[in-house]
Every structure is written in C-alpha cells, then in structure tokens.
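>
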Amino acid sequence: MKHRIKKILLGLFGGALIVGSLGACSHGGHGWRGDAGSPEARARMVEKVSSRLDLDAAQKQKLAVLADKLQAQRTALRGTGEPREAVRGLFAGARLDQAGAKKLIEEKTTAIQSGSPEVIAAAADFFDNLKPEQQQKVRDFMERGRRWGYRG
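Each residue of the sequence shown is one higher than the last, beginning at 15 in our numbering.
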C-alpha cells in the first residue's frame, strides 16, 4: 500500500511540476509589448534596469550577457514545439501517459542542469561587479517581490 501511495504522490507531483513549469514558460509576455523573449524586449529590460541601478557601461554589458544567458535557458527549457500541446498529449488517452510525463520531466531537468552553470556564472559576474549601494537596490527589489516597472 505504501508503494502505491508513493507512486500516486510522485505522479501528482510530477504532473503538477510539468503543468506549472510549462504554464510559466509558455505564457505570453505579460506586461511586455510583443514577445518577452525578443531582442527588443531584452534591450528594454536592460535599459530599464540600467537606469534604475545607475549602471556604468561595463556593468550594463554584464547585465546584457546575463539577459542573453537567461533567454537561452528559457528557450532550452521551453524546447521545441508548443509546451501546452505536450502536456495535453499526456492527458489525451484514457490514462495519463506516465512514460511521456517522465520523459518530459527528464528533458526539462536536463535543460536546467546543462544551462544553469552559465546562468549562475553570468548572474554572479553581474552582481559581484555592482557597487554596494547597487547590490542593496537589487536586494530591496527582490525583497519586494515585484518587477522593476510594477506599479501598484
């Protein structure tokens, strides 16, 4: 009985993880004009953050590198095709496609594991080269849990 409960909980957790991650990755660019992953959107984000933190040219370049690494990670995590279709396919039959769900989770996990070191290195390079007052602004922003342009 315990083994069955573990399998059910693992299946529910895996399904929730898939649906949540794919939903988060596949939503439209809320709050952005156009595609959130477009070069123009990244450039606007870099400009907005640069102005809020009063970045110099070298710091701005490091932020642009971080934005590019984050976009590459997002693209790798999203994969090819439509993420929602992949999830819908898991529920298309009379039973949940457990093998497909496991494969999808493994693909996403591999994408995260392979791209994360570059993202972490870029984030560290950017943050470590900020002045203490700039680092505090980043901490304050993270504490509020809001986007840079959020009003309300």
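All C-beta atoms, glycine included, are put in the ideal place defined by N, C-alpha and C.
Please read all numbers here as calculations on a predicted model, not as lab measurements.
On the criterion of 16 or more Cβ atoms from any shown chain inside 10 Å, does residue 59 qualify as buried, or is it exposed?
Answer is buried; the Cβ neighbour count reaches 16.
> Give the straight-line distance between the Cα atoms of residue 95 and residue 101, rounded to the nearest whole angstrom.
Spanning the two alpha carbons is a distance of roughly 11 angstroms.
> Select from 99, 124, 132, 18 the residue whose C-alpha is nearest the C-alpha of residue 79.
Minimum Cα distance to residue 79 is reached at 132.
> Drop a sphere of 10 angstroms on the beta-carbon of residue 83, count the other beta-carbons inside from all chains shown, and report buried for 16 or more, exposed for fewer.
Residue 83 should be labelled buried.
> Can you grab the Cα-Cα spacing for the pair residue 152 / residue 87, in whole Å?
Whole-angstrom Cα-Cα distance: 21 angstroms.
> Just checking, does the region 64 to 71 make contact with the region 134 to 152 on the three C-beta pairs under 8 angstroms criterion?
Output reads yes: the region 134 to 152 touches the region 64 to 71.
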